[in-house]
Amino acid sequence: MALDKNQIAKRIAQELQDGYYVNLGIGIPTLVANYIPAGMDVVLQSENGLLGMGPFPFEGDEDPDLINAGKQTITTVPGSSFFDSAMSFGMIRAGKVDLTVLGAMEVSDQGDIANWKIPGKMVKGMGGAMDLVASAKNIIVAMMHTNPKGESKLLPQCTLPLTGKCCVKKIVTELAVLDVTPQGFKLLERAPGITTEEIISKTAGKLVVEGEIPEMQL
Amino acid sequence: MALDKNQIAKRIAQELQDGYYVNLGIGIPTLVANYIPAGMDVVLQSENGLLGMGPFPFEGDEDPDLINAGKQTITTVPGSSFFDSAMSFGMIRAGKVDLTVLGAMEVSDQGDIANWKIPGKMVKGMGGAMDLVASAKNIIVAMMHTNPKGESKLLPQCTLPLTGKCCVKKIVTELAVLDVTPQGFKLLERAPGITTEEIISKTAGKLVVEGEIPEMQL
Amino acid sequence: MKKVYDNATDAIAGIADGAVIMLGGFGLCGIPENCIAALVQKNIKQLTCISNNAGVDDFGIGLMLQQKQVKKMISSYVGENAEFERQLLSGELEVELIPQGTLATRCMAAGYGMPAIYTPAGVGTEVAEGKESRVFNGKEYLMEYAFDADYAIVKAWKGDTAGNLIYKEAARNFNPLMAMAGKITIAEVEELVPEGTLDPNQIHTPGIYVHRIFQGVDYQKRIEQRTVRTRP
Amino acid sequence: MKKVYDNATDAIAGIADGAVIMLGGFGLCGIPENCIAALVQKNIKQLTCISNNAGVDDFGIGLMLQQKQVKKMISSYVGENAEFERQLLSGELEVELIPQGTLATRCMAAGYGMPAIYTPAGVGTEVAEGKESRVFNGKEYLMEYAFDADYAIVKAWKGDTAGNLIYKEAARNFNPLMAMAGKITIAEVEELVPEGTLDPNQIHTPGIYVHRIFQGVDYQKRIEQRTVRTRP
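Residue numbers (the numbering used here), protein chains in the order written: chain R, 161 to 378; chain L, 161 to 378; chain X, 71 to 302; chain W, 71 to 302.
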């Protein structure tokens, strides 16, 4: 059965390691915070200038000066720090942030990503996405395998304007976990009950399938 | 009579304006702080990371964490702030410091300055001098008109390795006040009792003397 | 040298039609509410605004958009409001979108006297079009220029009469960077104290960068996305 | 992820002969006294040290020079000690002198992921030899590269178990810049407190930059130029 959004987040959380500093994008990536293994020390960075982001505040405790990059009211955890936007993107560019998780409209089998602009539609801007994808040392994309029309979002080439080139390392969809390799997408895991054939049929880009593909363990 | 070091400092202090941020180098420039006109708001910057430098501490009040760029124990005035060395030179480069006063071994009539290295002698380094002369918007040199051998320090070309090119705006010596202009040094004022002829004879670089040269008012 | 002004109207004196203005804040967090209100009242036009966002329909820079005071927005993310979209689509408003980190670093570059910086953000995208790129250590970077703004208008939490500023939490964002970058920097603060009151170790923006300061009034501090969890 | 170490000896584990090490401080102000003592005791050799100064004969990096541990110094101002001068003149020690602001900004560039920066410092001087220069807005600048250091060793006033650092007064200097720039950053602090103790608004170096931290002991904090005035 295809994963739901929370299960995608849960699977991505398996990529976390003790001591990681992680930047989570808007949407499914945000949910990853709910699945950090107990006892594991993971610090969340928000690119508007915060390390040590905590959960949403209790009702009535909202602080307008304390928001995340999605402009949501949040809290901090002990050991947090605030800084300006230049230092925030500085630490991202310098590779101090261990992992970035973000959504995408399209990913190519070379790791290109498009997630900021649809020609003909109102363009709201790239925000920090171009900085993040160009700078992060490890980028995982969380997205649906296909778009609402049923067309694959894992392509030989992105059709939409790019956010960044050759940067995505791993993709987790409702159907599969894939690495981006020099040979193209490499299928690592299937969602429980999803066949390799279904994944092949829904992946338009080059796909490497070697041997038996295990099911995800959630 | 030629000025003493304190009088040179006192004359330079006449160049200060209300609201100025000023960086004073080691030696005579440091003495300028003693002659800031009463009621005038002048803030001293020390390039090791301090705005709002005050006088030396009273005996027993020395704080090893509170030094100036000359590594002297100092104090702060109300409204002071500390910052790192990158911000310190950043504000210098960005022209936020209104005036820099520093010593020199030689100045050329194009405004080149040499004050960091004598070939054949142990070289201690340029410290912040190259940054200051390359970046400050207004540089006044405080120095003796001649070296201990009696040779002019105001030259057509510097003979020593340069600290910076075309940067000095004004020079105050024990004999004269001179501007650096596209036509060379321009004599503005004589020290009390010093003749224009003496200044001419001790200035090796191109010197413009127009009309009567007034005596300094100290 | 008096830096202290009575209010926003006095503090924005001299800003004229056609000015290039930086405005601090991220979304509606940490925006200079008082100065924006004064700019709206003054109704100067043809402004170029450098700000990460463009406010919402009825607050922040959105108020200036309503009066068609803005000729051009330089931002990383815009369009949380309908009037913005209308002006953009009708060609009344020009928008230059640049990556958020590039925006921040171009402000810092101005404040640090660095004419240009290198960033990998935008390499291989339409952002790179017409820009010089260069490879360092096998990685490609774009050269981006320091901003050149007439005014920077920022909002801080506390300030003193010497112009020193301290920001609160995530309301810091672009404010200290823009404060360094304006030819004239105007700061509004929630609390203005005499110089000597703030700890010199804890100043975020040294007073040398701030030309005018005043204590703001009636801060609304609107929240864009009120997200909460239920008390257990 | 444990960042807290017991002492300097443990914290400098892994630093080997030939390492490139940044050391914070300005003169003897804000230097990592404990780590320097541990490096002396460990007696590793052939080090490249990036530090604004080289200590004095019997303190700071001077102690490492005595044992001939340093192959190369990268500094803006050196030679407050006789042994330094002897080694330099005899060719045992290599010295690269660079302008102080360039030194600071090359550290910052490393910490901010910027491969190179532009500065006017040194234009027209021997510092410019062999360097690329470029004119922006009619002014010439040199291109200077970000440092690439294996370790950064810094000293702070207070730190917490998450690695956050706060510096005191002018002992800040190069410390926060180098803290950002090391592949591995080691911080010694006068007072180490549990995470959550320090005000998140007042952190100078966020913990993400700090890999190892310990509370130092027996700080001497020597004064190089004791200047005082008489009490009235």
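Note that the Cβ used here is the ideal one computed from N, Cα and C, for glycine as well. This one's a predicted model, so the numbers in the text were calculated from it and none came from an experiment.
| query | beta strand (DSSP E) containing Met247/L: first to last residue? | reply | In the second sequence, residue 247/L corresponds to position 87, counting from 1. Here Met247/L belongs to no beta strand (DSSP E); instead the alpha helix (DSSP H) covers Ser245 to Arg253.
| said: DSSP has Thr260/L in a bridge; who is on the other side? | reply: As a position in the second sequence, residue 260/L is number 100, starting the count at 1. Answer by DSSP bridge pairing, in chain order: Asn183/L and Ile299/L.
| request: Kindly indicate which three-state DSSP category Ile168/L falls into: helix, strand or coil? | output: What you label residue 168/L is simply residue 8 of the second sequence in a count that begins at 1. It is helical.
| request: Report yes or no: do three or more beta-carbon pairs, one from the region 341–348 of chain R and one from the region 291–298 of chain L, lie closer than 8 Å? | output: no
| request: Decide if Ser160/W is buried, meaning its Cβ has at least 16 other Cβ atoms within 10 Å, or exposed. | output: Position 90 of the fourth sequence, counted from the first residue, corresponds to residue 160/W. The residue is exposed, with fewer than 16 neighbouring Cβ atoms inside 10 Å.
| request: Inspect the beta-carbon positions of Ala257/X and Phe284/X and report whether they are closer than 9 Å. | output: Here residue 257/X refers to the residue found at position 187 of the third sequence. Here residue 284/X refers to the residue found at position 214 of the third sequence. Contact flag set, yes.
| said: Rounded to whole angstroms, what is the Cα-Cα separation between Leu135/W and Gly285/L? | reply: Within the fourth sequence, residue 135/W is the residue found at index 65, counting from 1. Within the second sequence, residue 285/L is the residue found at index 125, counting from 1. Their Cα atoms are separated by approximately 18 Å.
| task | Kindly indicate which three-state DSSP category Val337/R falls into: helix, strand or coil? | result | The sequence position of residue 337/R within the first sequence is 177, counting from 1. Strand at Val337/R.
| request: State the Cα-Cα distance for the pair Thr79/W and Asn113/W, rounded to the nearest angstrom. | output: Taking the first residue of the fourth sequence as 1, we reach residue 79/W at position 9. Taking the first residue of the fourth sequence as 1, we reach residue 113/W at position 43. Whole-angstrom Cα-Cα distance: 12 Å.
| Start and end residues, beta strand (DSSP E) containing Ser159/R | No answer is possible for residue 159/R: it lies beyond the span of chain R, which begins at 161 and ends at 378.
| said: Would Trp227/X and Val259/X be called neighbours here (beta carbons separated by less than 9 Å)? | reply: Start at 1 with the first residue of the third sequence, and residue 227/X comes out as number 157. Start at 1 with the first residue of the third sequence, and residue 259/X comes out as number 189. Yes, the Cβ-Cβ distance between Trp227/X and Val259/X is below 9 Å.
| Within chain W, the residues that Gln272/X reaches when beta carbons sit closer than 7 Å | By 1-based counting over the third sequence, the position of residue 272/X is 202. Simply Gln272.
| Where Gln157/W sits in the DSSP three-state scheme | Your numbering for residue 157/W matches position 87 in the fourth sequence. Three-state result, Gln157/W: helix.
| request: Return the residues of the region 275–290 of chain R that lie within a Cβ-Cβ distance of less than 9 Å from chain X, sorted by chain order. | output: Trp276, Lys277, Met282, Val283, Lys284, Gly285, Met286, Gly287, Gly288, Ala289 and Met290
| query | How many angstroms separate the CA atom of Ala229/R from the CA atom of Met143/W? | reply | Counted from its first residue, the first sequence places residue 229/R at position 69. Counted from its first residue, the fourth sequence places residue 143/W at position 73. Ala229/R and Met143/W: Cα-Cα distance of roughly 42 Å.
| Going along the region 257–270 of chain W in order, which residues come within less than 8 Å of chain X, judged by CB to CB distance? | Pro270
| message | Short of 9 Å Cβ to Cβ, which residues in the region 294–323 of chain L face chain W? | response | Ala294, Ser295, Pro321, Leu322 and Thr323
| Which residue comes first and which comes last in the beta strand (DSSP E) that contains Leu348/R? | As a working note, residue 348/R is residue 188 in the first sequence. Residues Gly344 to Arg350.
| field | Alpha-carbon to alpha-carbon, Ser245/L and Gln205/L | value | Position 45 of the second sequence, counting from 1, holds the residue named residue 205/L. Position 85 of the second sequence, counting from 1, holds the residue named residue 245/L. Distance between the alpha carbons of Gln205/L and Ser245/L: 12 Å.
| Using the rule of at least 16 other Cβ atoms within 10 Å of the residue's Cβ for burial, across every protein chain shown, is Gln157/X buried or exposed? | The count along the third sequence starts at 1 and reaches residue 157/X at position 87. Buried.
| message | With a threshold of 8 Å, are at least 3 pairs of Cβ atoms found where one atom belongs to the region 224–244 of chain X and the other to the region 270–285 of chain W? | response | yes
| request: Kindly give me the distance between the Cβ atoms of Leu322/R and Gly194/X, rounded to whole angstroms, as I take these residues to be in contact under 8 Å. | output: As a first step, residue 322/R must be located in the first sequence, where it is residue number 162. As a first step, residue 194/X must be located in the third sequence, where it is residue number 124. Right, their Cβ atoms sit about 6 Å apart.
| task | Determine the burial state of Lys309/L: buried for a count of at least 16 other Cβ atoms within 10 Å of its Cβ, exposed for fewer. | result | On the second sequence, residue 309/L is found 149 positions in, with the first residue counted as 1. It is exposed - the Cβ of Lys309/L has fewer than 16 other Cβ atoms within 10 Å.
| said: For Arg301/W, report the span of its beta strand (DSSP E) as first-last. | reply: To locate residue 301/W, count along the fourth sequence from 1; it is residue 231. Here Arg301/W belongs to no beta strand (DSSP E), and DSSP marks it neither H nor E.
| message | Using only the alpha-carbon positions, how far apart do Gln174/L and Thr267/W sit? | response | Within the second sequence, numbered from 1, the residue matching residue 174/L stands at position 14. Within the fourth sequence, numbered from 1, the residue matching residue 267/W stands at position 197. Roughly 49 Å between the two C-alpha positions.
| message | On a Cα-Cα basis, can you pick out the residue from Met290/R, Asp269/R, Met265/R and Val182/R that is closest to Ile278/R? | response | As a working note, residue 278/R is residue 118 in the first sequence. Out of Met290/R, Asp269/R, Met265/R and Val182/R, Met265/R has the C-alpha closest to the C-alpha of Ile278/R.
| task | Residues of the region 226–240 of chain W with a CB closer than 9 Å to any CB of chain R: list them in chain order, please. | result | Asp230, Thr231, Ala232, Gly233 and Asn234
| query | Would a C-beta distance cut-off of 9 Å place Glu219/L and Arg299/W closer than the cut-off? | reply | Counted from its first residue, the second sequence places residue 219/L at position 59. Counted from its first residue, the fourth sequence places residue 299/W at position 229. Yes. Within cutoff.
| field | Best match in Arg171/L, Lys362/L and Asp178/L for proximity to Asn194/L [C-alpha to C-alpha] | value | As a first step, residue 194/L is located in the second sequence; it is residue number 34 there, counting from the start. Ranking the options by Cα distance to Asn194/L, first place goes to Arg171/L.
| said: By the three-class DSSP mapping on this structure, what secondary structure does Ile188/R have? | reply: Taking the first residue of the first sequence as 1, we reach residue 188/R at position 28. Helix, per DSSP.
| Are Val280/X and Asn234/X closer than 9 Å when you measure CB to CB? | In the third sequence, the residue the question calls residue 280/X occupies position 210. In the third sequence, the residue the question calls residue 234/X occupies position 164. In this structure, Asn234/X lies closer than 9 Å to Val280/X by Cβ.
| field | Delimiting residues of the alpha helix (DSSP H) encompassing Thr356/R | value | Walking along the first sequence from the start, residue 356/R turns up at place 196. Segment Thr356 to Ser361, the alpha helix (DSSP H) holding Thr356/R.
| request: State the CB to CB distance for the pair Ile188/R and Ala302/R, rounded to an integer number of angstroms; the pair is presumed to be in contact (CB under 8 Å). | output: Taking the first residue of the first sequence as position 1, residue 188/R is located at position 28. Taking the first residue of the first sequence as position 1, residue 302/R is located at position 142. The pair is a contact, with the Cβ atoms about 4 Å apart (cut-off 8 Å).
| query | Quick one: what's got a C-beta closer than 6 Å to Gly271/R's C-beta in the same chain, skipping five residues either side? | reply | As a working note, residue 271/R is residue 111 in the first sequence. Cβ neighbours of Gly271/R beyond the five flanking positions: Cys326, Cys327, Val328 and Val340.
| request: Give the C-beta separation of Gly94/W and Met248/W to the nearest angstrom, bearing in mind that I take them to be a contact with Cβ-Cβ under 8 Å. | output: Counting from one through the fourth sequence, the residue named residue 94/W turns up at place 24. Counting from one through the fourth sequence, the residue named residue 248/W turns up at place 178. Rounded, the Cβ-Cβ distance is 5 Å, consistent with contact.
| What whole-angstrom Cβ distance do Leu163/L and Glu334/L have, given they're in contact under 8 Å? | Translated into positions along the second sequence, residue 163/L becomes position 3. Translated into positions along the second sequence, residue 334/L becomes position 174. Indeed they touch by this definition, with Cβ atoms about 5 Å apart.
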